[in-house]
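Those protein sequences? They're chains A and B, same order as listed.
All letters in the first sequence, in the order written, are residues 519 to 952 by our numbering.
All letters in the second sequence, in the order written, are residues 36 to 188 by our numbering.
A short write-up of the structure that comes next.
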Amino acid sequence: MNPVKFRETKIVLKNIHRPHSRRLKTYLKAGGYQALKKVLKGMNPQGVIKEVERSRLVGRGGAAFPTGLKWEFAREAKDIPKYVVCNADEGEPGTFKDKQILEKDPHLLLEGMAICGYAIGARQGNIYIRGEYFQAYRILKEAVKEAEEKGFLGKNILGEDFSFSISLYRGAGAYVCGEETALLDSLEGKKGQSRVKPPFPAFEGFQNKPTVLNNVETLANIPDIILKGAQWFLKIGSQKTPGTKIYCLSGDIQRPGYYELPTGIKLKRLLIDYGKGVKGELKAILPGGVSSSFLTRKDLSVALDWPSVAKRGSQLGSGAIIILNDTHCMVDIARRCAQFFAYESCGKCSPCREGTKRTRELLTNITLGRGELSDLELLCELQEVMYDTSRCGLGQAALNAVRSAILKFRDEFEEHIRERRCRFGICPLGKESS
Amino acid sequence: MKSRLKERIEKILTEYGGKRQALLPALHLVQEREGHISEEVISYLASRLSLPSVDVYGMVTFYSLFSLKKEGKNIIRVCVSLPCYLRGGNQILETLKEELGIKEYETTPDKRFTLEPVSCLGLCDQAPAMMINDEVYGNLTKRKVKEIIRGFK
Chain A
519 MNPVKFRETK IVLKNIHRPH SRRLKTYLKA GGYQALKKVL KGMNPQGVIK
569 EVERSRLVGR GGAAFPTGLK WEFAREAKDI PKYVVCNADE GEPGTFKDKQ
619 ILEKDPHLLL EGMAICGYAI GARQGNIYIR GEYFQAYRIL KEAVKEAEEK
669 GFLGKNILGE DFSFSISLYR GAGAYVCGEE TALLDSLEGK KGQSRVKPPF
719 PAFEGFQNKP TVLNNVETLA NIPDIILKGA QWFLKIGSQK TPGTKIYCLS
769 GDIQRPGYYE LPTGIKLKRL LIDYGKGVKG ELKAILPGGV SSSFLTRKDL
819 SVALDWPSVA KRGSQLGSGA IIILNDTHCM VDIARRCAQF FAYESCGKCS
869 PCREGTKRTR ELLTNITLGR GELSDLELLC ELQEVMYDTS RCGLGQAALN
919 AVRSAILKFR DEFEEHIRER RCRFGICPLG KESS
Chain B
36 MKSRLKERIE KILTEYGGKR QALLPALHLV QEREGHISEE VISYLASRLS
86 LPSVDVYGMV TFYSLFSLKK EGKNIIRVCV SLPCYLRGGN QILETLKEEL
136 GIKEYETTPD KRFTLEPVSC LGLCDQAPAM MINDEVYGNL TKRKVKEIIR
186 GFK
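Here is the structure:
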């Protein structure tokens with residue numbers, strides 16, 4: 519690929535190659551806070567929201583909800599005060615994209631949040647950051663201080679009649695807090711357990727007030743959309759969900775890493791041109807972390823945007839692309855995924871609390887040679903029940919990987935059950951059970 | 036409870052206007068200073084925020100970064116999520132257990148290390164990975180892990 523063109527397609531990671539990219543001075547030199555200036559000096563809040571709506575920006579955290587619409591809901595809501603909350607609780611296994619922005623270009627996020635605050639009529643923003651992101655927290659804290667000192671945050675920003683401040687709030691190690699309503703409870707100093715939706719956070723969010731909750735990467739798109747315009751944004755990437763996406767490659771891949779590319783890039787191209795190929799023979803792909811469904815070699819031509827991946831029966835989510843080669847046993851992998859969700863379920867609603875435990879139990883039994891064929895049907899049924907009845911995305915998505923592994927690699931499961939054999943020699947199958 | 040710790044807790048409570056939102060920052064502070072959250076701290080926070088003690092206790096057990104038991108001086112968080120597992124994360128955990136002579140969630144008798152298997156740390160491009168305190172260690176091998184731990188000893 520032409521390196522010049524490559525650089526042109528960067529939006530959220532456009533500054534990270536600069537020396538001292540995290541500093542305000544560097545950010546200003548690169549044209550930082552110009553979008554905020556443009557907004558405050560010459561756009562009304564409705565105009566800002568219209569521009570974001572026209573850009574067709576969708577949430578980069580996983581759910582791909584239209585950002586402009588979310589902002590409009592919060593703006594229209596009658597209650598005050600209103601809040602902007604940034605979800606920096608990056609926790610989906612295989613995702614390490616927001617961290618790059620937080621650590622290397624924090625002002626881009628702060629600017630995006632301030633613009634959102636202006637658009638919806640909020641004076642207060644909160645960044646809920648993962649407890650384990652110690653480094654990012656320190657950098658962000660420094661960035662907020664710098665921005666306050668130079669008048670980009672705080673009272674009467676840039677001398678205008680707009681005040682907006684940003685506070686940081688550290689999570690404390692709970693995957694479920696990446697789910698928006700659990701995040702809000704945690705941000706209020708409670709256990710991170712999901713709320714019933716509706717009402718959605720745009721109407722009743724933080725402290726039950728109208729709240730826009732956006733992912734880090736989503737907010738980092740805002741300054742360029744404002745500065746260069748929705749028309750410019752629409753020309754990048756796929757039509758339905760334009761712009762770029764940071765794809766995180768991990769697992770059995772030659773060059774794991776994060777790559778910001780136009781949405782809709784073909785999976786095959788990402789793996790070959792950027793990942794430099796699979797380590798070993800490709801077996802399966804999780805395109806959206808462990809809460810997505812497995813794709814296989816047959817899906818290499820899929821375009822990496824949310825609607826296209828959904829058509830293949832999977833989910834792009836946060837863009838955590840995990841590659842598995844043919845040395846892995848799918849029963850073992852499915853059990854691992856189940857273990858993760860059983861551990862991370864918050865316990866608030868019974869379908870998820872009990873469902874994740876039973877799934878782990880059933881799959882563990884299969885790996886121990888105590889499974890029955892009917893277990894496979896039971897697991898698929900459990901997936902449907904949990905999808906339909908769990909309160910939040912965690913439970914709804916918890917069995918995606920398990921079910922798709924059963925559907926696409928059924929022979930491996932049957933082999934474990936009928937012959938008590940794991941062709942990879944990974945599962946214990948009763949050898950240790952006595 | 037030490038008076039300096041109490042002072043710092045009070046400062047956090049004031050900062051958050053006495054609301055329960057102060058709870059997570061206060062627990063972070065105590066965990067960092069004391070290596071655990073004691074019953075005394077739980078009762079104190081509960082009474083200051085007019086919450087039942089069990090509510091504060093629930094917070095401590097819900098979030099994995101807080102602990103009731105006193106943790107070692109150095110906390111080793113080793114990722115056991117899928118991306119690290121695919122690259123041999125299991126061996127890293129086993130090596131740590133061997134090297135330290137303890138099991139998961141245990142602390143060495145000399146109180147120097149606590150071993151915690153954790154969910155994804157966002158270090159998947161350097162899998163398998165772990166953190167010791169707030170330091171990141173990636174692209175681990177058995178040998179590298181041994182060297183790192185011995186370097187601490």
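A virtual CB, placed ideally from N, CA and C, is assigned to each residue, including glycine.
With a cut-off of 8 Å on the beta carbons, I'd call residue i and residue j a contact; round off their distance for me.
i, j, result
"residue 841(A)", "residue 891(A)", "Incorrect: roughly 30 Å between the Cβ atoms, too far for contact."
"residue 847(A)", "residue 944(A)", "4 Å"
"residue 658(A)", "residue 645(A)", "7 Å"
"residue 553(A)", "residue 536(A)", "That belief does not hold up - the Cβ atoms of residue 553(A) and residue 536(A) are roughly 18 Å apart, past 8 Å."
"residue 572(A)", "residue 720(A)", "Their Cβ separation, rounded to whole angstroms, is 19 Å, which puts residue 572(A) and residue 720(A) out of contact at 8 Å."
"residue 636(A)", "residue 570(A)", "In fact, because the Cβ distance is near 12 Å, the residues do not count as touching under 8 Å."
"residue 823(A)", "residue 759(A)", "5 Å"
"residue 764(A)", "residue 531(A)", "7 Å"
"residue 567(A)", "residue 631(A)", "Not quite, the Cβ-Cβ distance comes to about 15 Å (not below 8 Å), so this is no contact."
Helix, strand or coil: how does DSSP classify residue i here?
i, result
"residue 603(A)", "strand"
"residue 778(A)", "strand"
"residue 98(B)", "coil"
"residue 820(A)", "coil"
"residue 174(B)", "coil"
"residue 848(A)", "helix"
"residue 902(A)", "helix"
"residue 690(A)", "coil"
"residue 843(A)", "strand"
"residue 917(A)", "coil"
"residue 525(A)", "Bear in mind that a pLDDT of 45 at residue 525(A), under 50, signals an unreliable position, so the model cannot answer this."
"residue 130(B)", "helix"
"residue 765(A)", "strand"
"residue 519(A)", "Per-residue confidence for residue 519(A) stands at a pLDDT of 43, beneath the threshold of 50, marking its modelled position as unreliable; no derived number is given."
"residue 592(A)", "helix"
"residue 182(B)", "helix"
"residue 931(A)", "helix"
"residue 79(B)", "helix"
"residue 855(A)", "helix"
"residue 537(A)", "coil"
"residue 728(A)", "coil"
"residue 801(A)", "strand"
"residue 114(B)", "strand"
"residue 808(A)", "strand"
Who pairs with residue i in a beta bridge, going by DSSP?
i, result
"residue 635(A)", "Bridge partners of residue 635(A): none, in fact."
"residue 190(B)", "There is no way to answer for residue 190(B), as the model of chain B reaches only from 36 to 188."
"residue 567(A)", "Residue 567(A) is not bridged to any residue."
"residue 734(A)", "DSSP lists no partner for residue 734(A)."
"residue 642(A)", "601(A), 683(A)"
"residue 910(A)", "DSSP output for residue 910(A) lists no bridge partner at all."
"residue 584(A)", "576(A)"
"residue 191(B)", "The first residue shown for chain B is 36 and the last is 188, placing residue 191(B) beyond what the model contains."
Examine the ligand NAP and report whether any of its heavy atoms sits within less than 8 Å of the Cβ of residue i.
i, result
"residue 653(A)", "Only the bare structure without any ligand can be found here, which leaves the ligand NAP out of the picture."
Exercise for review: Quick one: which residues of the stretch 116–137 of chain B get their C-beta closer than 9 Å to a C-beta of chain A? List them in chain order.
Suggested key: 116, 117, 118, 119, 120, 121, 122
Check your understanding: If you pair each beta-carbon of the stretch 111–119 of chain B with each one of the stretch 158–168 of chain B, do three or more pairs fall below 8 Å?
Key -> yes
Point to revise | Against chain B: residues of the stretch 799–823 of chain A by CB proximity under 9 Å | key: Correct list: 804, 807, 808.
Review point. Are three or more beta carbon pairs between the stretch 848–868 of chain A and the stretch 813–833 of chain A nearer than 8 Å?
Key: no
Exercise for review: Compile a chain-ordered list of the residues in the stretch 915–945 of chain A whose CB is closer than 7 Å to at least one CB of chain B.
Suggested key: Residues passing the 7 Å Cβ filter: none.
Practice item. Would you list, in chain order, the members of the stretch 758–788 of chain A that have their beta-carbon closer than 8 Å to a beta-carbon of chain B? Key: 766, 767, 768, 769, 770, 774, 775, 776
**Study point:** Touching by the beta-carbon criterion (3+ pairs, under 8 Å), the stretch 96–109 of chain B and the stretch 142–153 of chain B
**Key:** yes
Check your understanding: Taking Cβ-Cβ distances below 9 Å as the criterion, which residues of the stretch 145–168 of chain B are in contact with chain A?
Key -> 153, 154, 155, 156, 157, 158, 159, 160, 161, 162, 166, 168
Exercise for review: Identify each residue in the stretch 55–76 of chain B for which the Cβ-Cβ distance to at least one residue of chain A is less than 8 Å, and report them in chain order.
Suggested key: 55, 56, 57, 58, 59, 60, 62, 63
**Study point:** Under 8 Å (Cβ pairs) to chain A, residues found in the stretch 78–109 of chain B
**Key:** 93, 94, 97, 98, 99, 100, 101
Check your understanding: Counting pairs of beta carbons, one from the stretch 149–159 of chain B and one from the stretch 606–622 of chain A, are three or more of them closer than 8 Å?
Key -> yes
Point to revise | Residues, ordered as in the chain, of the stretch 639–655 of chain A that lie near chain B by beta-carbon distance below 8 Å | key: 648, 649, 650, 651, 652, 653
Check your understanding: Given 8 Å as the limit, is there contact between the stretch 828–841 of chain A and the stretch 862–877 of chain A, that is, 3 or more CB pairs closer than that?
Key -> no
Point to revise | the stretch 127–134 of chain B in contact with the stretch 81–95 of chain B per 3-pair CB rule at 8 Å | key: no
Point to revise | At least 3 beta-carbon pairs within less than 8 Å: the stretch 723–742 of chain A vs the stretch 70–85 of chain B | key: no
Check your understanding: Given a limit of 9 Å on CB to CB distance, which residues of the stretch 682–693 of chain A reach chain B?
Key -> 687, 688, 689, 690, 691, 692, 693
Review point. Is it a yes or a no for the stretch 852–859 of chain A touching the stretch 872–884 of chain A, going by three-plus beta-carbon pairs under 8 Å?
Key: Yes: the two stretches touch, three or more of their Cβ pairs being nearer than 8 Å.
Review point. Can you list, in chain order, the residues of the stretch 601–620 of chain A whose Cβ is nearer than 9 Å to any Cβ on chain B?
Key: Under the 9 Å Cβ criterion, the stretch 601–620 of chain A contributes 608, 609, 610, 611, 612, 613, 614, 615, 616, 617.
Practice item. Indicate whether the contact test is met: 3 or more Cβ pairs, each with one atom in the stretch 602–610 of chain A and one in the stretch 701–709 of chain A, closer than 8 Å. Key: yes
Check your understanding: Between the stretch 686–699 of chain A and the stretch 51–60 of chain B, are three or more C-beta pairs nearer than 8 Å?
Key -> yes
Check your understanding: Do three or more CB pairs link the stretch 704–718 of chain A to the stretch 915–924 of chain A at distances below 8 Å?
Key -> no
Practice item. Report yes or no: do three or more beta-carbon pairs, one from the stretch 672–681 of chain A and one from the stretch 870–881 of chain A, lie closer than 8 Å? Key: no
Check your understanding: Is the number of C-beta pairs between the stretch 592–600 of chain A and the stretch 725–739 of chain A that are closer than 8 Å three or more?
Key -> yes
Exercise for review: Select from the stretch 853–864 of chain A all residues with a C-beta closer than 9 Å to any C-beta belonging to chain B, and list them in chain order.
Suggested key: 854, 855, 857, 858, 861, 862, 864
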